[in-house]
Amino acid sequence: MNLRVLGALLRKEVNMMKRNPLIPRIILGLPFVVLLVIPLVASFDVKDVGVTVVDNDRSQLSRRIIADMDATAELHVASVSSSFAESMEMIEEGEADVVLSIPPHFSRDLSELDVEANGVNAIKGTLGMQYVVASISNTLTRWRVENGLMIPDNVTSVVDRYNPTLSYRNYMIPALMVFLIIMICGFLPALNLVSEKESGTIEAMNVTPVSRITFVLSKLIPFWIVGLVVVTIGILVGRVVYGLVPLGSPGAIYLAAVLLSLVMSGLGVAIANKSATMLQSIFVLFAVIMIFQLMGGLFTPVGSMPQWAQYVTYAIPPRYFNEIMRAVYLKGATISELRMQYLCLTFFAFVALATAALTYRKRA
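Going by the numbering used here, the final residue of the sequence shown carries number 366, and the count climbs one at a time with no gaps.
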């Protein structure tokens, strides 16, 4: 490989990127848009759960339970009635999510309470029911202490490790960087190469003695650097806007970003080599990217997928990048602790780059 030729080709690629006004805007603008908008709108955090209470006790304790729930940040009491049918009407009309039934004489015998949730929105119903139960448990514990009653021995202490606030943003932001690298380092090299095919400028390269490795590297190296720029922007936005700082080494993040950039850029060039038009490459890339996002653990945890799908995810490179990012950000994991994920990304990078080089065919 001639380094002088490679340097000349790299300068040519950089100049082409500068002349295209869209590419610099995508590189600098997309990370800000994704990291500023998606964590705010694509959140599984459950807030403002409406609770309708059927108070058949009407005692000081039942009123305190209702007041404590209404004072909770995640809950609000939508209504208090003595009829279960009225509460169910509010559930059916979508004005409440959980029904709490307090039986008669509850303050005297502390009998069991009945909590029912609206299962149409399964996430909000399930978490809302848990919030209600936790609020009632706290109220009853304080009530027993104030009245000198025995506190049950089986009171559970709950500690949330690594993400004490249980904020979905802290889980989401590190993984969004995989989306950025997929889009920028996967799409842009492919579209760049196919556009040269359509315009006919690549034919001038085909008649030169430039080797296929030199040509492929000239197409990929600029986007490897772009991948590092994107990750840097993501780290800064996460820190400045959301106060999310990685507990682990930034070097571990950048190493994972480089490896995934190699994977996606190699895959993009390989698809472009086999595509005759830009539209064809876009459709193929879109299908691949959809699979990567849905099965890479970006929105849905891999452990929540069916068993057969979990086996499939071992062949999805973004899965390993998501695991690395979340472990480094939230747990402070090191490269040695995540060596299997790094080795898998290295293997996929080698396969993608080899495929990109082998699928490039010079035509006379």
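In this text, a Cβ means the ideal position worked out from N, Cα and C, and glycines have one as well.
Can you say whether residue i is buried or exposed, counting buried as having 16 or more other CB atoms within 10 angstroms of its CB?
i, result
"MET266", "buried"
"MET39", "The displayed chain sequence assigns Val, not Met, to residue 39. Its Cβ having fewer than 16 others within 10 Å, VAL39 is exposed."
"GLN309", "exposed"
"LEU64", "Before going on, a small fix: residue 64 reads as Ser here, not Leu. Under this definition SER64 is a buried residue."
"VAL16", "exposed"
"LEU5", "exposed"
"LEU77", "buried"
"LEU37", "buried"
"VAL330", "buried"
"LYS221", "buried"
"MET342", "exposed"
"VAL2", "With the chain covering 3 to 366 only, the question about residue 2 has no answer from this structure."
"ARG171", "buried"
"VAL233", "buried"
"ASP50", "exposed"
"SER277", "buried"
"VAL43", "exposed"
"GLU305", "Here the sequence assigns Gly to residue 305, which means Glu is not the residue at that position. When all chains shown are included, GLY305 counts as exposed."
"VAL242", "exposed"
"GLY240", "buried"
"ALA351", "buried"
"GLN62", "exposed"
"ILE29", "buried"
"VAL35", "exposed"
"ILE125", "exposed"
Since residue i contacts residue j with CB under 8 angstroms, what's their CB separation in whole angstroms?
i, j, result
"GLY121", "GLY127", "5 angstroms"
"LEU182", "GLY236", "6 angstroms"
"VAL180", "PHE323", "5 angstroms"
"ALA188", "LEU287", "For the record, residue 188 in the displayed sequence is Gly; it is not Ala. That pair is a contact at about 6 angstroms."
"LEU115", "SER103", "7 angstroms"
"GLY253", "ALA192", "That pair is no contact at about 29 angstroms."
"MET327", "ALA177", "6 angstroms"
"LEU32", "MET185", "7 angstroms"
"VAL79", "ILE68", "6 angstroms"
"GLY298", "VAL260", "The pair is not a contact, with the Cβ atoms about 18 angstroms apart (cut-off 8 angstroms)."
"TYR344", "LEU257", "7 angstroms"
"ALA274", "LEU195", "4 angstroms"
"ARG214", "ALA10", "Wrong, their Cβ atoms sit about 16 angstroms apart, outside the cutoff."
"LEU12", "ILE223", "6 angstroms"
"GLU95", "GLY52", "Wrong, their Cβ atoms sit about 11 angstroms apart, outside the cutoff."
"PHE225", "LEU281", "Contact doesn't hold; Cβ gap of about 21 angstroms is too wide."
"THR370", "ALA289", "Missing from the structure shown is residue 370; the chain here goes from 3 to 366 and no further."
From the DSSP output, in three-state form, read off residue i for me.
i, result
"THR203", "coil"
"SER57", "In the sequence under discussion, the amino acid at residue 57 is Asp, which differs from the Ser named in the question. Of the three classes helix, strand and coil, the one that applies to ASP57 here is strand, per DSSP."
"GLY52", "strand"
"SER213", "coil"
"ASP99", "coil"
"ILE104", "strand"
"ALA359", "helix"
"ALA80", "strand"
"ALA75", "coil"
"VAL247", "coil"
"TYR331", "helix"
"GLU114", "coil"
"ALA278", "coil"
"VAL157", "Because the pLDDT of VAL157 is 49, which lies under 50, any placement of that residue in the model is unreliable, and the number read from its coordinates should be weighed accordingly. Here VAL157 sits in coil by DSSP."
Please indicate yes or no: does the CB of residue i lie closer than 7 angstroms to some heavy atom of the ligand ADP?
i, result
"HIS107", "Questions concerning the ligand ADP fall outside what the structure shown contains, since it holds no ligand whatsoever."
* Asked: Is it true that the segment 316 to 330 meets the segment 254 to 272, where meeting means three or more beta-carbon pairs spaced less than 8 angstroms apart?
  -> Per the Cβ contact rule, the segment 316 to 330 is in contact with the segment 254 to 272 (3 or more Cβ pairs under 8 angstroms).
* Asked: Does the segment 83 to 91 touch the segment 47 to 57, meaning 3 or more C-beta pairs lie closer than 8 angstroms?
  -> These segments touch.
* Given 8 angstroms, three or more beta-carbon pairs between the segment 64 to 77 and the segment 133 to 143 -> With a cut-off of 8 angstroms, the segment 133 to 143 and the segment 64 to 77 count as touching, because enough Cβ pairs lie within range.
* Are the segment 336 to 346 and the segment 240 to 247 touching by the rule of at least three beta carbon pairs closer than 8 angstroms? -> With the cut-off at 8 angstroms, the segment 336 to 346 and the segment 240 to 247 do not touch.
* Return the chain-ordered ranges of every alpha helix (DSSP H) run that is complete within the segment 16 to 43 and spans a minimum of 4 residues. => The segment 16 to 43 contains these whole alpha helix (DSSP H) runs: 24 to 43.
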